[in-house]
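Numbering (this note's numbering), first residue to last: 1229 to 1377.
Note that the Cβ used here is the ideal one computed from N, Cα and C, for glycine as well.
Please read the structure below before turning to the comments.
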């Protein structure tokens, strides 16, 4: 179980690491990183060497944007453990699901762990209807995800 709580961890840009406000003042699709201008679709936190990506509603990343995050994550030397929290989403596009599949594949190919958590019922149904729930390690929430690591 992580010693640092969600309240203690600060949010960062997933690409440049710049500190971000807890809630962007504008809708996510209008709030790029103030330092590198990366279009924010998620915010990154690190809790006891676990990377937590909190996905924000309102924006699906382009392929190149997801690739930037993947390259940044895969650049670390330590075994990579990533938890993607989808709890803010009340809808998930097939494009975001496909990009999560690709990110999962890359992290697992590097001997990392990739966990999805916090799915609202409609999001969970989308993963089950597409049978993608078989591709991912999925837990109810961040606490269960950390316990599984």
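Residue range of the unbroken beta strand (DSSP E) whose run includes residue i
i: residue 1343; result: 1341–1345
i: residue 1366; result: 1365–1367
i: residue 1273; result: 1270–1275
Rounded straight-line distance, which links the Cα of residue j to that of residue i
i: residue 1240; j: residue 1342; result: 19 Å
i: residue 1272; j: residue 1285; result: 15 Å
i: residue 1326; j: residue 1291; result: 10 Å
i: residue 1359; j: residue 1244; result: 34 Å
i: residue 1238; j: residue 1357; result: 35 Å
For residue i, the nearest candidate out of the options (CA to CA)
i: residue 1377; options: 1303, 1307 and 1244; result: 1307
i: residue 1278; options: 1263, 1264, 1286 and 1304; result: 1304
i: residue 1312; options: 1299, 1301 and 1346; result: 1346
i: residue 1338; options: 1371, 1302 and 1362; result: 1302
i: residue 1330; options: 1369, 1350 and 1293; result: 1293
i: residue 1355; options: 1371, 1321, 1336 and 1370; result: 1321
i: residue 1260; options: 1274, 1242, 1275 and 1361; result: 1242
i: residue 1310; options: 1263, 1316, 1270 and 1319; result: 1270
For residue i: DSSP bridge partner residues
i: residue 1240; result: 1247 and 1272
First through last residue of the alpha helix (DSSP H) which encompasses residue i
i: residue 1313; result: No alpha helix (DSSP H) contains residue 1313, which is instead part of the beta strand (DSSP E) from 1309–1313.
i: residue 1353; result: 1349–1357
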